[in-house]
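Colleague: Protein sequences, first through last, are from chains A and B.
All residue numbers for the first sequence refer to our numbering, where the first residue is 1 and numbers rise by one.
All residue numbers for the second sequence refer to our numbering, where the first residue is 295 and numbers rise by one.
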Amino acid sequence: MFARPLRVSLSDVKRVELKETANDIRESIIEMLVAAGSGHTAGPLGMADVFTVLFFHTLRYDASNPKWDGRDRLVLSNGHICPVLYTAMAYAGYFPKEELKTLRKFGSRLQGHPHREFLPALETSSGPLGEGLSQAVGMAIADRMDGKDGQRRIYCCMSDGELEEGETWEAAMLAGRNKLHNLVAVIDRNNIQIDGFTEDVMPLEPLADKWRAWNWHVLQIDGHDLDQIAAAFDEAKSIYEKPTMILAHTIPGKGVAEFERDYHWHGKPPDPEQARMALAELRTLGGKIASEHQ
Amino acid sequence: MLNPDLRLNDRLFDDDVAHTAIREGFGEGLVRAGEQFPQVVVLCADLTESAQALAFQKKFPQRFVELGVAEQNMAAVASGMAAMGKIPFITSYAMFSPGRNWEQIRTTIAYNNQPVKIAGSHAGVSVGPDGGTHQAIEDMAIMRVVPRIQVISPCDAIEARKATVASVTTGTPVYLRLARNKTPVLTTEDTPFAIGRAQTVWTSRAPRVGIIATGALLHNALLAARELERRQIDVEVMNLSTVKPLDEEAVVALARKTGRIVSVEEHQIHAGMGSAVAECLARRYPVFMHFIGVDDRFGQSGTPEQLVDYYGMGRDAIVGAVRDILEREYPGRALRGIA
């Protein structure tokens with residue numbers, strides 16, 4: 001399945017740290033969704049590991065100075081998985097973790113889909129699918145014009161279902177044609193969308209070949225293997241002639257057995273009882289340890 | 295008479311008045327904007343020459359991006375470039391941008407509050423032989439309804455050039471409505487221009503109807519005013535090149551002065567400039583209105599002149615509208631003897 005063996009790039013200490021952070025982020029996602037009473041569950045849980053690596057290994061940023069010019073840019077194209085973005089940002093120090101429970105509430109900075117006017121640390125407002133890659137491409141082109149492509153990188157997170165939007169492929173062509181080596185995109189390849197499994201609704205395979213055909217450097221990874229995730233982002237930095245696409249194979253709802261691989265969890269939150277069960281599972285690492293909350 | 299303060303083209307009523315396409319004025323404005331502002335970049339979707347980005351491309355090749363036939367991508371790429379400090383102009387035909395890429399403009403440009411300038415050429419039925427698919431007559435409606443977007447519909451090439459340069463520094467998204475066909479040059483270098491400011495172009499001693507025009511049809515409105523003067527009907531003509539934000543004070547003052555308004559635009563009557571005027575007057579100073587524009591129909595092939603006449607936007611149609619509206623009586627006012 002994978003394009004190449006990827007080197008182990010994390011120290012043992014770092015790996016344990018990231019694993020704990022990813023688990024904490026999953027707990028916070030469950031808590032914020034149950035408090036909100038609406039929102040998306042499967043995608044945020046599935047991308048918790050990728051966002052953990054992004055925020056605590058890969059991205060350069062200064063949470064105390066969100067507008068620092070030298071920061072890497074992260075464009076979330078599939079805005080509906082914002083619970084994982086908000087949570088990672090809170091853990092990174094952009095705002096207090098308590099604020100996570102205001103998700104989707106009136107007056108909250110954490111809008112149901114990301115809105116940068118409410119939360120200026122966001123790079124873009126998003127939600128309507130298929131538009132994030134274009135914006136990331138625009139950022140990468142602007143940095144190339146200004147000779148800043150060696151100073152900072154543009155990251156774009158996308159879903160697999162949104163690839164059905166034609167604009168995605170307009171952006172893919174442009175990025176390949178312009179050899180945007182400062183652009184790294186990651187697709188949450190979890191195989192589900194609202195109406196079912198992607199290969200039933202509208203088959204995307206052979207997906208890696210499609211991106212290669214548009215002159216992208218394509219990596220395929222296990223989106224829950226922290227070493228592979230980190231190594232993929234590291235490798236992208238060494239590619240000078242092409243944009244890089246990371247197909248992160250993930251399990252939707254990862255971390256809570258009842259939610260995993262079930263597309264019905266795409267767009268609904270857990271109820272309080274389901275949340276209690278999910279949190280118990282996460283806090284005991286699937287029954288491996290005793291929870292301090294019990 | 296023409297308003298002398300505006301220093302308009304003193305030959306604008308001559309048969310051989312100079313003609314230049316509004317889109318050409320935009321092309322010159324792009325180069326000037328590029329010279330004045332290093333942040334200005336231009337994006338094009340396979341219509342570089344026709345959408346008048348060619349001169350900019352030649353002068354600033356490093357600040358020009360060709361996207362191929364992909365207007366949706368163009369809007370969102372421009373948003374990303376604006377996020378990095380650029381001031382992008384996206385150029386195409388109005389039917390495709392903002393026609394095809396409306397949601398990308400709403401979400402990635404307006405909702406994201408990025409100062410992208412959207413230049414839509416080939417607006418109006420005066421596109422001519424290409425036919426109805428290429429004649430954008432809904433573009434002002436779909437742009438003015440989006441928060442933050444300023445809508446400018448210049449009356450000639452010189453005003454288009456000034457509007458293009460002025461749009462750079464608004465800090466907002468701007469829609470520039472441009473026409474394909476060569477039309478009379480009405481203004482001069484010395485004619486003042488400011489976004490958001492309406493201008494009284496033609497005045498009379500005791501105007502009984504106010505004509506508010508936008509775009510190249512301002513010329514027909516002036517021809518109508520002169521004809522009406524011959525028939526001893528005094529009117530006042532306003533150039534409303536900025537449709538949003540609306541110069542409400544000027545519009546209300548004209549309604550107060552004349553009591554009757556005729557709007558003139560090469561656009562669907564629904565939700566166009568006349569509607570913007572009506573929204574304002576219904577709230578602040580209701581008067582009778584007559585709307586000159588395309589009445590809920592699509593365009594078709596023909597010469598620009600044939601089409602403007604066919605859809606009821608020629609000089610005589612404007613004269614007729616003024617005469618019609620003068621015959622209407624305000625029931626309440628008539629009863630009170632104040633009509």
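Glycine included, C-beta positions come from ideal geometry on N, C-alpha and C.
All of these numbers come straight from a predicted model, not from anything done at the bench.
May I ask you to list the residues that DSSP assigns as paired with Ile431 of chain B?
Modeller: Ile431 of chain B is not bridged to any residue.
Colleague: In three-state DSSP terms, what is Arg400 of chain B?
Modeller: If DSSP states are grouped into helix, strand and coil, Arg400 of chain B belongs with the helices.
Colleague: Across which residues does DSSP place Arg442 of chain B in a beta bridge pair?
Modeller: Beta-bridge pairing links Arg442 of chain B to no other residue.
Colleague: By the 10 Å Cβ neighbour count, where 16 or more other Cβ atoms means buried, how is Arg104 of chain A classified, buried or exposed?
Modeller: Looking at its Cβ environment, which holds 16 or more other Cβ atoms inside 10 Å, Arg104 of chain A is buried.
Colleague: Would DSSP call Cys82 of chain A helix, strand or coil?
Modeller: Here Cys82 of chain A sits in helix by DSSP.
Colleague: If distances are taken between C-alpha atoms only, which option among A:Val13, A:Ala236, A:Lys101 comes closest to Leu59 of chain A?
Modeller: When each option's Cα is compared against that of Leu59 of chain A, the closest is A:Ala236.
Colleague: Thinking just about the alpha-carbon of each residue, which of A:Gly46, A:Glu241, A:Pro269, A:Tyr61 is nearest to the one in Thr250 of chain A?
Modeller: It is A:Gly46.
Colleague: DSSP puts Ser11 of chain A in a beta bridge; with which residues?
Modeller: According to DSSP, which records beta bridges pairwise, Ser11 of chain A is partnered with nothing at all.
Colleague: Could you name the residues of the segment 394-409 of chain B whose beta carbon sits closer than 8 Å to any beta carbon of chain A, in the order they occur along the chain?
Modeller: Correct list: Glu397, Gln398, Thr401, Thr402, Tyr405, Asn406, Asn407.
Colleague: Measure the beta-carbon distance from Gln135 of chain A to Thr124 of chain A and round it to whole angstroms, keeping in mind my assumption that it falls under 8 Å.
Modeller: Going by Cβ atoms, the distance from Gln135 of chain A to Thr124 of chain A rounds to 6 Å, so yes, they are a contact pair.
Colleague: Are Ser386 of chain B and Leu324 of chain B close, meaning C-beta to C-beta below 8 Å?
Modeller: No; because the gap between Cβ atoms is not below 8 Å, this pair is not in contact.
Colleague: For a quick check, are the C-beta atoms of His57 of chain A and Leu18 of chain A less than 8 Å apart?
Modeller: Cβ atoms of His57 of chain A and Leu18 of chain A: closer than 8 Å.
Colleague: Mapping DSSP to helix, strand and coil, what is Gly566 of chain B?
Modeller: Reduced to three states, the DSSP call for Gly566 of chain B is coil.
Colleague: What residue range is occupied by the uninterrupted beta strand (DSSP E) comprising Asn313 of chain B?
Modeller: What sits at residue 313 of chain B in the sequence shown is His, not Asn. From DSSP, the beta strand (DSSP E) with His313 of chain B extends over 313-315.
Colleague: Compare the beta carbon distance of Phe118 of chain A and Leu85 of chain A with 8 Å and say whether it is the shorter of the two.
Modeller: For Phe118 of chain A and Leu85 of chain A, no; Cβs fall outside 8 Å.
Colleague: Please confirm whether Pro114 of chain A and Leu163 of chain A have their CB atoms less than 8 Å apart.
Modeller: No. Outside cutoff.
Colleague: Taking the alpha-carbon of Thr464 of chain B as reference, which of B:Val334, B:Ser569, B:Met607 has the nearest alpha-carbon?
Modeller: Of B:Val334, B:Ser569, B:Met607, the residue nearest in Cα terms is B:Val334.
Colleague: Nearest by alpha-carbon distance to Ser415 of chain B: which of B:Thr485, B:Leu534, B:Val503, B:Gln346 is it?
Modeller: Per the Cα distances, B:Gln346.
Colleague: Could you check where the beta strand (DSSP E) with Pro392 of chain B kicks off and where it finishes?
Modeller: Premise fails: Pro392 of chain B is in no beta strand (DSSP E) and is neither H nor E.
Colleague: What are the residues in the segment 89-122 of chain A lying within 8 Å of chain B by C-beta distance?
Modeller: Those would be His115, Arg116, Glu117, in chain order.
Colleague: Would you say Arg442 of chain B faces chain A, with C-beta separation under 8 Å as the test?
Modeller: By this cut-off, Arg442 of chain B is not an interface position.
Colleague: Less than 8 Å between the C-beta atoms of His659 of chain B and Gly418 of chain B, yes or no?
Modeller: No statement about residue 659 of chain B is possible, as the shown extent of chain B runs from 295 to 633 and does not include it.
Colleague: Looking at C-alpha atoms only, which residue of A:Thr284, A:Val184, A:Leu100, A:Ser238 is the closest neighbour of Ala36 of chain A?
Modeller: Comparing Cα positions, the closest option is A:Leu100.
Colleague: Do you know whose CA, among B:Glu360, B:Asp590, B:Thr314, lies nearest Arg177 of chain A's CA?
Modeller: Arg177 of chain A has its Cα closest to that of B:Glu360, out of B:Glu360, B:Asp590, B:Thr314.
Colleague: Determine which residues share a DSSP beta bridge with Cys156 of chain A and list them.
Modeller: DSSP, once it has assigned bridges, lists A:Val75, A:Ala185 as partnering Cys156 of chain A.
Colleague: Can you pull the DSSP bridge partners for Pro382 of chain B?
Modeller: Paired residue(s): B:Val335.
Colleague: Using a 10 Å radius around the Cβ and a threshold of 16 neighbouring Cβ atoms, would you call Pro44 of chain A buried or exposed?
Modeller: Under this definition Pro44 of chain A is a buried residue.
Colleague: How about Val468 of chain B and Phe331 of chain B: are their beta carbons less than 8 Å apart?
Modeller: Contact flag unset, no.
Colleague: Assuming Asn406 of chain B and Arg26 of chain A are in contact, meaning their beta carbons sit under 8 Å apart, how far apart are those beta carbons, in whole angstroms?
Modeller: Wrong, their Cβ atoms sit about 29 Å apart, outside the cutoff.
Colleague: Among the residues of its own chain, which have a CB less than 6 Å from the CB of Met368 of chain B, if the five just before and after it don't count?
Modeller: Cβ within range, chain order: Leu337, Ala339, Leu361, Ile384.
Colleague: Taking Cβ positions only, does Val84 of chain A come closer than 8 Å to chain B?
Modeller: Taking Cβ atoms only, chain B never reaches closer than 8 Å to Val84 of chain A, which makes this a no.
Colleague: Using Cβ-Cβ distances below 7 Å, what residues of the segment 134-155 of chain A are close to chain B?
Modeller: Cβ contacts with chain B: Ser134, Gln135, Ala136, Val137, Gly138, Met139, Ile141, Ala142, Asp143, Met145.
Colleague: Cα separation between Asp12 of chain A and Asp227 of chain A?
Modeller: So the alpha carbons of these two residues sit roughly 10 Å apart.
Colleague: Could you please tell me which residues of the segment 335-349 of chain B, in chain order, have their CB closer than 8 Å to any CB of chain A?
Modeller: Those residues of the segment 335-349 of chain B that come within reach of chain A (Cβ to Cβ, closer than 8 Å) are Val335.
Colleague: Across which residues does DSSP place Leu470 of chain B in a beta bridge pair?
Modeller: According to DSSP, Leu470 of chain B bridges with B:Ala413, B:Ile446.
Colleague: Compare the C-beta of Asn514 of chain B with all C-beta atoms of chain A and state if any pair is closer than 8 Å.
Modeller: Chain A contact via Cβ: absent.
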